[in-house]
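Asker: Once you've had a glance at the structure underneath, I'll fire off some questions.
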Amino acid sequence: MFKYSVRIMWFTSIACIVAGRVLPYISGEYKWHTNDVCLVEGPWAVCQVEWPTPLFTPSAAAFAPDGRTLWLASDWLLAPLSDLVGDGAHGVNSSSIKLGKVTRLPIAAKGLWIPPLDTRILVIGEDAIHPLDLPSTVSEGAVGVFASALDPAVVRSSMATIAGAPLALPSAELGGPMVAAAAAGLPKIVENSDEESGAGAMVVAMTPEARGLFISAAVQLGQRSQVGANIGDSAMGQVEVAIKVPEQPSGSQVRALHICVEPALCGASEPVLWAADASGCLTATGLGSGQVLVAWRWATQQLSVISVALAGNASHLFLVTPCSTGQTAVLLSAPYTALLGHRASAAAECHDRS
């Protein structure tokens, strides 16, 4: 009798554990939290990524203008996550995805941007912005899943084609090479009805090794054949600093940036600059008011973030980062409105530890 009682208690406890883990997924509460190790603060959906190797640690990200393909750079490597079709809740169409074809870059990427109506990707390095032809997302032979850094998918991968002269960043003026950067297009102001569509201006957000966060003056970005000294052809232009953004609440080094320039899509009544720093703090700063809108840590465990990437489409912010020290990175996504409306727990508040 005692033996049967023990068995009944064992089966009951197992059933309770299974129900406790499964029911939240059925209800949708934790549907996209596919990794038990990944305990995150806030309204994030968690998507596991099949990385090519543990050495592929994303340091920059940008969406293609269609909002479906997310390009990720890990220093000198570039690869796409294709068909990330978002819905209102999760922002991605699968709980597990993998990278496409790997392309090598001539510089280590600190930021990426793909201009609308263009066939280029702008790779922001430590000292300059380099225009490159946007690689194809179609795999040819070996795709971007490889076993080691010496796999042929890496060492034999093609080099991205340079599509013009670089645009210099004010590294010397700001105290060293850039650690993180992001770019975004400004709405075009049509002054001449004969002007071709697609031309416009961009702004660059950047943080140097000496810290501080800066926004550039507008840089004209013409058609591929009209780029001139700004982004292409023969002469190197220069990005000029316009303003300094208020210090981040945590005081840690910023590792990734994203600019949302359309107030109607940013979840606020103004453009928003998102910054992720080395302590795991995510900060949103209004570029109209200059005020910090939200600031909290995305991971419930203490992090020492070495690599993190930020990107956004028309509705969601995407963050690529390990959930805890020593873990591989996952893709986190959440609507801008949900992030701006989130009230962080006391443990997740950002404090200056310097």
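Numbering-wise (this note's numbering), the sequence shown opens with residue 131 and increments by one.
Cβ atoms here follow ideal geometry from the backbone N, Cα and C, with glycine treated the same way.
1. DSSP beta-bridge partners for P253?
2. Are the segment 192-207 and the segment 242-259 in contact at 8 Å, needing three or more beta carbon pairs?
3. Quick one, which of A459, D263, L387 and A408 has its alpha-carbon nearest V240's?
4. Along the chain, where does the alpha helix (DSSP H) that runs through E303 open and close?
5. Given this structure, state the Cα-to-Cα distance separating C177 from C453, to the nearest angstrom.
6. Can you have a look at V424 and say buried or exposed, based on whether 16 or more other CB atoms are within 10 angstroms of its CB?
7. Using the beta-carbon count (16 or more within 10 Å), is R427 buried or exposed?
8. Grouping DSSP H, G and I as helix and E and B as strand, with all else coil, what is A295?
9. Measuring only the C-alpha atoms, how far is A429 from G410?
10. So, using beta-carbon positions, are S413 and P379 closer together than 8 Å?
11. Can the beta-carbon of E400 be found less than 8 Å from the beta-carbon of S419?
12. Scan the segment 355-423 and note each continuous alpha helix (DSSP H) run of 4 residues or more that stays entirely inside, going in chain order.
13. Would you list the residues sitting across from P338 in a DSSP beta bridge?
14. Between which two residues does the alpha helix (DSSP H) carrying T199 extend?
15. What do you get for I389, buried or exposed, if any count of 16 or more other CB atoms within 10 angstroms of its CB means buried?
16. Going by alpha carbons, who is nearest to D257 out of Q368, V450 and N443?
17. Ends of the beta strand (DSSP E) at L343?
18. Starting from T451 and walking both ways along the beta strand (DSSP E), at which residues does that stretch end?
19. So, are the CB atoms of T233 and A290 less than 8 Å apart?
20. Which residues does DSSP list as the beta-bridge partners of A459?
21. What's the call for E180, buried or exposed, on a 16-neighbour Cβ count within 10 Å?
22. What are the start and end residues of the beta strand (DSSP E) that includes G471?
23. What is the rounded straight-line gap between the Cα of Y160 and the Cα of W174?
24. Buried or exposed, going by whether 16 or more other CB atoms sit within 10 Å of the CB of L469?
25. Start and end of the beta strand (DSSP E) containing C177?
26. Beta carbon of P261, beta carbon of G306: below 8 Å?
27. So what does P210 bridge to, in DSSP terms?
28. In three-state terms, what does DSSP make of A476?
Answerer: According to the structure shown:
1. One-based indexing of the sequence shown puts residue 253 at position 123. Here residue 253 is Val; the residue named in the question, Pro, does not match the sequence. Answer is L242 and H260.
2. yes
3. Taking the first residue of the sequence shown as position 1, residue 240 is located at position 110. Here residue 240 is Lys; the residue named in the question, Val, does not match the sequence. Residue L387 is the option with its Cα nearest to K240.
4. Residue mapping note: residue 303 aligns to position 173 of the sequence shown, counting from 1. Here the alpha helix (DSSP H) through E303 covers S301 to L304.
5. As a working mapping, residue 177 is identified with position 47 in the sequence shown. As a working mapping, residue 453 is identified with position 323 in the sequence shown. Straight-line Cα distance between these residues: approximately 11 Å.
6. Position 294 of the sequence shown, counting from 1, holds the residue named residue 424. V424 comes out buried.
7. One-based indexing of the sequence shown puts residue 427 at position 297. Result: buried.
8. Within the sequence shown, the letter at position 165 stands for residue 295. Here A295 sits in coil by DSSP.
9. By 1-based counting over the sequence shown, the position of residue 429 is 299. By 1-based counting over the sequence shown, the position of residue 410 is 280. In a straight line, the C-alpha of A429 is about 7 Å away from that of G410.
10. Within the sequence shown, numbered from 1, the residue matching residue 413 stands at position 283. Within the sequence shown, numbered from 1, the residue matching residue 379 stands at position 249. Checking the sequence shown, residue 413 turns out to be Thr, not Ser. Closer than 8 Å, so yes.
11. As a working mapping, residue 400 is identified with position 270 in the sequence shown. As a working mapping, residue 419 is identified with position 289 in the sequence shown. Yes, they are a contact pair.
12. 358-361 and 393-396
13. Position 208 of the sequence shown, counted from the first residue, corresponds to residue 338. Per DSSP, M308.
14. Numbered from its first residue, the sequence shown carries residue 199 at position 69. Taken as a continuous stretch (DSSP letters only), T199 belongs to no alpha helix (DSSP H), as it is neither H nor E.
15. As a first step, residue 389 must be located in the sequence shown, where it is residue number 259. Flag for I389 reads buried.
16. Within the sequence shown, residue 257 is the residue found at index 127, counting from 1. Ranking Q368, V450 and N443 by Cα distance to D257 puts Q368 first.
17. Within the sequence shown, numbered from 1, the residue matching residue 343 stands at position 213. Element bounds for L343: L343 to S346.
18. In the sequence shown, residue 451 corresponds to position 321, counting from 1. Counting along the chain, the beta strand (DSSP E) containing T451 begins and ends at H446 to P452.
19. For the purposes of this step, residue 233 is identified with residue 103 of the sequence shown, where counting begins at 1. For the purposes of this step, residue 290 is identified with residue 160 of the sequence shown, where counting begins at 1. Yes, these two residues count as a Cβ contact at 8 Å.
20. Counting from one through the sequence shown, the residue named residue 459 turns up at place 329. P452.
21. By one-based count along the sequence shown, residue 180 stands at place 50. E180 should be labelled exposed.
22. Counted from its first residue, the sequence shown places residue 471 at position 341. From DSSP, G471 is part of no beta strand (DSSP E) but of the alpha helix (DSSP H) over Y466 to G471.
23. As a working mapping, residue 160 is identified with position 30 in the sequence shown. As a working mapping, residue 174 is identified with position 44 in the sequence shown. Confidence in Y160 is poor, its pLDDT being 26 and thus under 50, which makes the residue's placement too unreliable to answer from.
24. Your numbering for residue 469 matches position 339 in the sequence shown. When all chains shown are included, L469 counts as buried.
25. Locating residue 177 in the sequence shown gives position 47, counting from the first residue. Taken as a continuous stretch (DSSP letters only), the beta strand (DSSP E) holding C177 covers A175 to E180.
26. As a position in the sequence shown, residue 261 is number 131, starting the count at 1. As a position in the sequence shown, residue 306 is number 176, starting the count at 1. It is not a contact, given that the beta carbons lie outside the stated cut-off.
27. Locating residue 210 in the sequence shown gives position 80, counting from the first residue. DSSP output for P210 lists W201 as bridge partner(s).
28. Counted from its first residue, the sequence shown places residue 476 at position 346. Three-state result, A476: helix.
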